[in-house]
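Here the protein sequences come in this chain order: A and B. First residue of the first sequence? That's 72 in this note's numbering, and the numbers climb one at a time after it. First residue of the second sequence? That's 25 in this note's numbering, and the numbers climb one at a time after it. Structure record follows, encoded as structure tokens.
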Amino acid sequence: MADERRPKQCSLVLPTESMKVMAESVGVGQLQEECCVALSEEVSYRIKEIAQDALKFMHHGKRRKLTTNDIDHALKLKNVEPLYGFQSQEFIPFRFASGGGRELHFYEEKEVDLSDIINTPLPRVPLDVSLKAHWLSIEGVQPAIPENPPPVSKEQQKVESTEPLKAVKPGQEEEGPVQGKGQGVTSAESKGKEKSISRLKPRSTHELSVEQQLYYKEITEACVGSCEAKRAEALQSIATDPGLYQMLPRFSTFISEGVRVNVVQNNLALLIYLMRMVKALMDNPTLYLEKYLHELIPAVVTCIVSKQLCLRPDMDNHWALRDFAARLMAQICKTFSTTNNNIQSRITKTFTKSLLDDKTQWTTRYGSIAGLAELGPDVSVIKTLILPRLSIEGARIKAVVEGPVISNIDKIGADHVQSLLLKHCASVIAKTRPLPDNVDQYRADYGYLGSMLCSHVVKARAQAALQAQQVNRTTLTITQPRPTLTLSQGVSTGSGPRTPNIIKVPSSLTLPVQTLVSTRPVTPAQPSPPATKYIVMSTSTAAATSPQVISLTSSRSSSPITSTAPSSTSTLQPLVKVEHTGQSVTTPGAGGSRTLQKYIVVSLPSAVSSEVKASSLSSPSTAVDSTVKADRTELPGASTHSSH
Amino acid sequence: MPTVCDTRSEMAAVQDAPVEADNEKEIKTETLNDAAGNHASAAGGVIPSPPVASTSSSGPAKAGGPGSEEQQTLMAVLQFLKKNNFVGAVDVLRREAGILEDSDESQGQELAASALGGAEAGDATCTLSRASSCTTSTPAVAAAPAKGGEDQPDVNVVLSAYSQQGDPALYQGYYSGLKKFVESVLDCHRAELSQLFYPLFVHMYLELVYNNHETEAKAFFEKFSGDQECYYQDDLRVLSGLTKKEHMKGNETLLDFRTSKFVLRISRDSYQLLKRHLQERQNNQIWNIIQEHLYIDIFDGMPRSKSQIDSMSGSLAGEAKREANKAKVFYGLLKEPEIDVPLDDEDEEGENEEGKPKKKKPKKDSMGSKSKKQDPNAPQQNRIPLPELKDSDKLDKIMYMKEATKRIRLGPESLPSICFYTFLNAYQGLTAVDFTDDSSLIAGGFADSTVRVWSVTPKKLRSVKSAADLNLIDKESDDVLERIMDEKSASESKILYGHSGPVYGVSFSPDRNYLLSCSEDGTVRLWSLQTFTCLVGYKGHNYPVWDTQFSPYGYYFISGGHDRVARLWATDHYQPLRMFAGHLADITCTQFHPNSNYVATGSADRTVRLWDILNGNCVRIFTGHKGPIHSLAFSPNGKYLASGATDGRVLLWDIGHGLMIGELKGHTDTVYSLKFSRDGEILASGSMDNTVRLWDSIKAFDDIETDDFTAATGHIHLPENSQELLLGTYMTKSTPVIHLHFTRRNLLLAAGAYNP
């Protein structure tokens, strides 16, 4: 290990160009090359010296991160005036940008508009230091309370489930007879016994303390009870509590049994609750569910493809549950599928089988299509498994929709399957099928659904084109982790359905409550609402912020309105500024001109200004067309899209 | 005394008259002919002093013969003062020393202190100096100017020792020649001789750099730096940056290499082999380096094994000389003052005690023979004058004894419960924590220069009323002590403002009336916990003070910091009573011995030193850590010392024998806190790696067999039993453990700041 680190020790020296640049910055031009060399050596040495001193301050400050204050103190030791004005709490936002053959590291100093600062309400005063006591250990046993870390780390759980024979408890790197007393596991003697047989077959005990039993009871009751507030709290607890490892088998059984019973009783609400529990368990960063998938997967799949999930199939929205469960399934596959367990392929097979079966009900059909579509967010699954079936499915839908009315239920089912197919297939076709989009051609290829598919594809293409253009304009290569901000404008073409796109969501799923609202496409028959919904997700380095949904009703007034909506939770406070412009602007690439165009400027510390800078830098990608560029400079940030 | 000598002064001598290379003992001139070489020569050049063996164990023995060395010392001081134009001080010194005629030693001591403080001479006298009967503390004088950038003129002198040069191109050849030789010797000698590589490497590199052979130096470094032991990484990193002669000025690490001789312990056989080899090859370059910069401590007996060597090496200046750890240390505990303990009736004794001390002796049995008989290893009761016990102290002692009877006996079968105090919203700013002995208060030092005190009992913190209000109260009333407190100010926590830099150390006085804090601003402050104001700012350290600690008996305290000097203070003196100089790098942590006669200091030079408060001597040097030491703990019986470092290892030391007796591996990051349980059965360690670990200290101390040989040579063979000794590991939730404390009933309290 030491040998690996060795090479780093060779003496690094700052490049002489830096010396030149610095000399120029203080007004010394034409520095001799020899001077540069001498200077850079001296400077490198001094910097190293200061860094070594600063390390001392870090150690005594009991920190792992070197801060600017440490450097200041180190300078003070050398009788050098500290560098004032560098107050970096978390990280120094040096960024790397490349383009035009140059590589740059720059420190972003954005211009601050004082009036903005004056007008924004004061941030909350940081909380004062406080003292909190808890039991780290009670007579050698660590209690499983939220203040303590989970007794078994996620990596450990993973190792345990994937390689059971190698499973070791934390701190038991080597076999030692004294091990295990402080490991937070129940009692010493049971541990000893376990130890002796563990070479043969791993057996983990999941004994629950009285508190844990109480907790389990409370949580499960709240999860399936009637009080929504309590449920939210309980789910939150499941999703975040680190001490649930011991209870995992119980939860898993609870869910599996719950689904079994409630499917028979067609209790839609309870099924939804149970699926939300699964979701919460999946979200818990301290749990590794692999060992319990044999119980969870059947439950989830049941919720996707079951013939009937509710008492009144014509009224209840069980489709949302299927969608939600399908996404859960996809998440499970993504997390746990390996070449050993083949979860993904097995699930795919199951779905395909029921899709191919002629006698399958509409509900099941919907579920399997949804499941398949979610499984492959990329092209392949839909392309290979669903597209070839389109004409057959189309015919089937046609038979129901245009044929004699057999039952309302079938009709609703067919409707849903149709919109589902359109939704998922359109984007895939748009990506794979060459232009032009001819309605007749589509009809020939895809049968009954062809014409509708065609219009969807056209829309999808338009949208993709628009996005690509905007992306082209504003992309900046940034190699440092930084707060990412993603914003998407629901660009819609005249009368088409508006779907607010969420380009980036912190976790890939949203709760069904939201699902019901947001992802269902609005049918074209409805008059498109004047309000556009923007969802601004800002992921800051600090605590996750809640998505901010800003709905704006466009007013007809021609004067620009600027409104600021500081986010309530985030520490970074993105400012959202909406400007309404006159009628003159037309959206590029969109079909019809719209009366109003809204630009949203979301400024995070260090986000927007960089884009502006980047565009003024002569990077090759910005050379799109000058008019657009001019627009942009007037109204910066039509759509910002930055990734790290 | 010689161990604390500023060795820089030797260099002057070295330059003028290279040391006689005739014998292995390396007789060194330890005199204090400070400053420039010409002065040294004016004073008579090299004055051979007694061999190290006798001087280092000097202590009281030295008091007998003040002799010429004292004179020399005074001469040197005078010359130094003259050189620096301290005319007044010279006059005073002359006068008080009787114009150098009869140097009275106590006077000398005073003078030394005054010279160092640069202030009036009389002030240096204090409780301690009056009490101490012997020897000088002059070494401190020399060490004081060892720091800082201004006193660098003699650096050139120091460095000029490198001026004699060989052909730079041959250096690589010399080194690889030696390497080849070491590889060819018998296995049993190889490990010992390999110790030579690192110091030789460093000095050869520095010689190259000094003589402006930059490219050769670089090539030399690149070729051989990979061969060095991994625990020298940090120093190598410093060296790698140093490529120019100009850099050598003012580089402290470099000065350390240069001014202190690197100590190696080698068996006689191995040494003979080496000597023969070098003589055969006429390899003068290496021989010169060995003569000038290395101290080879030769012992008779079996060569040591690689693991034995590795366990002891790692410090900045090699191992401790064997002689350095030979002085007698009175590690026993002081006799407890006899306090009558009332019967266990819970309620009454408070009142009983105040009025009429009852003469009851039933407790004597439970306290055991300890309090009756004087421990043979204990120092004289009045060796260090200790403050008188106040009534309140006696009350507290009684409380302590009562609590002690309820103490849980810990052991591998009964582990302590741990209560963790988490500092929330500290924003990475918590730098130091301390608990009072009765666990009623917590103090935290913060990077924002504040000190905060919390009460962890329901009793709130109250300050005394203002002077005007105090005039109003009835002084005759029974509850006057209650009345003087200002109820309005009662709160759970108080903030103490005063420092102007991060607070790196806090320490409560045993009587809970005072709090000490030390800071980056170079001061140590004493705070009153009655008024919650600053009482004194002790100035002396010019650089950040890393740690401070109250004596277990109060009154005295120790501080240590970046200036490499530990200072002993008394709360009622604004100047230090003792200065302990000798560490080669920052003093990072300090700890009082339970009997208050000794202090231990841990340093960034990777050594622990034990100092005698009475005479300022360094009585123990413990080497073996591979990183800066950040925590120290004495066992309650005073026999053992535990130290934890950035390398995550905890080492155990036997103070009486001066031996390493254990190594506890398990932590993966800096050990910031160590504490023995009240009866010493369990050692708790807290670390940056977010864990508290418990170790079986009884077993660790029992397992070691100290036969005469190991005791004599100090070549201990450590058992690899960390895993057996580890009783428990308790992870916190991203909270580094900064402080540990056992309550009087053996409940373990831990503290740290939550760093999400």
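Where is the CB? At the ideal position from N, CA and C, for every residue including glycine. On a predicted model such as this, the values are computed, not experimentally measured, just so you know.
- Taking 8 angstroms as the cut-off between beta carbons, none of the residues of the stretch 352-370 of chain A comes near chain B.
- In this structure, the CA atom of B:Leu210 is about 41 angstroms from the CA atom of B:Ala657.
- Cβ neighbours of B:Thr446 within its own chain (closer than 7 angstroms, five residues either side excluded): Thr759, Gly776, Tyr778.
- Assigned with DSSP and collapsed to three states, B:Arg407 falls in coil, not helix or strand.
- Fully enclosed beta strand (DSSP E) runs of no fewer than 3 residues occupy 318-323 of the stretch 291-354 of chain B, in order along the chain.
- Within chain A, the residues whose beta carbon sits less than 8 angstroms from that of B:Met755 are Gln213, Asn219, Pro220, Pro241, listed in sequence order.
- Fully enclosed beta strand (DSSP E) runs of no fewer than 3 residues occupy 653-658, 664-669, 674-678, 683-688 of the stretch 652-698 of chain B, in order along the chain.
- B:Asp678 and B:Lys699 do not touch by the CB rule: their CB atoms are close to 19 angstroms apart, not below 8 angstroms.
- For the stretch 256-268 of chain B, the set of positions with a beta-carbon nearer than 8 angstroms to some beta-carbon of chain A reads Gln257, Leu260, Arg261, Val262, Ser264, Gly265, Leu266, Thr267, Lys268 in chain order.
- Residue state for B:Phe700 is assigned as strand, using DSSP reduced to three classes.
- Judged by beta-carbon spacing, B:Asn619 lies beyond the 8 angstroms limit of B:Leu260, meaning their Cβ atoms are not closer than that value.
- Cβ proximity to chain B below 7 angstroms picks out Leu198, Asp199, Val200, Ser201, Leu202, Lys203, Ala204, His205, Trp206, Leu207, Ser208, Ile209, Glu210, Gly211, Gln213 from the stretch 198-213 of chain A.
- In the structure shown, the three-state DSSP call for B:Met423 is helix.
- At least 8 angstroms separates the beta-carbon of B:Ala609 from that of B:Arg633.
- Of all residues in the stretch 658-679 of chain B, the ones placed with a Cβ closer than 9 angstroms to any Cβ belonging to chain A are Thr670, in chain order.
- For A:Ala305, no beta strand (DSSP E) run applies; the uninterrupted alpha helix (DSSP H) run containing it begins and ends at 299-311, by DSSP.
- Residues of chain A whose Cβ lies closer than 8 angstroms to the Cβ of B:Ala708 do not exist, since the nearest Cβ in that chain is about 11 angstroms away.
- Across the set A:Pro475, A:Ile216, A:Arg173, the C-alpha of A:Ile216 shows the shortest separation from the C-alpha of B:Thr756.
- Take the alpha-carbon of B:Asp693 and the one of B:Val674: they are about 11 angstroms apart.
- B:Val262 sits in a helix when the DSSP states are folded into three classes.
- Residue environment for A:Lys530: buried (at least 16 other C-beta atoms within 10 angstroms of its C-beta).
- Where B:Leu550 is concerned, the enclosing beta strand (DSSP E) starts and stops at 547-552.
- Against chain A, the CB of B:Thr694 has a partner CB under 8 angstroms away; the residue lies at that interface.
- The C-beta of B:Ile653 has 16 or more other C-beta atoms within 10 Å across all chains shown, which makes the residue buried.
- B:Val287 is a Cβ neighbour of B:Ala341, given a cutoff of 8 angstroms.
- Residue nearest to B:Gly585 within the set B:His597, B:Ala628, B:Arg346 is B:Ala628 (criterion: CA-CA distance).
- Taking 3 residues as the shortest admissible run, the stretch 525-592 of chain B contains the following complete beta strand (DSSP E) segments, listed from N- to C-terminal end: 527-532, 538-543, 547-552, 557-563, 569-574, 580-585.
- The residue among A:Leu358, A:Leu380, A:Tyr363 with its C-alpha nearest the C-alpha of A:Ile343 is A:Leu380.
- Between B:Gly651 and B:Ala669, the C-beta gap is smaller than 8 angstroms, which places the two residues in contact.
- Between the alpha carbons of B:Lys345 and B:Pro482 lies a distance of about 53 angstroms.
- Taken through DSSP and simplified to helix, strand or coil, A:Ser462 comes out as helix.
- Burial of B:Ser701 is indicated by the presence of at least 16 other C-beta atoms within 10 angstroms of its C-beta.
- When the five nearest sequence neighbours on each side are left out, the beta carbons in the same chain lying within less than 8 angstroms of the beta carbon of A:Val488 are those of Trp433, Arg436, Tyr437, Ile440, Glu464, Ile468, in order along the chain.
- With contacts defined as CB atoms closer than 8 angstroms, B:Asp545 and B:Gly525 qualify as a contacting pair.
- Close CB contacts of A:Arg514 within its chain, under the 7 angstroms cut and outside five residues either way in sequence, are with Gly521, Ser522 (chain order).
- Taking a contact to require three or more Cβ pairs closer than 8 angstroms, the stretch 435-451 of chain B and the stretch 197-215 of chain A qualify as touching.
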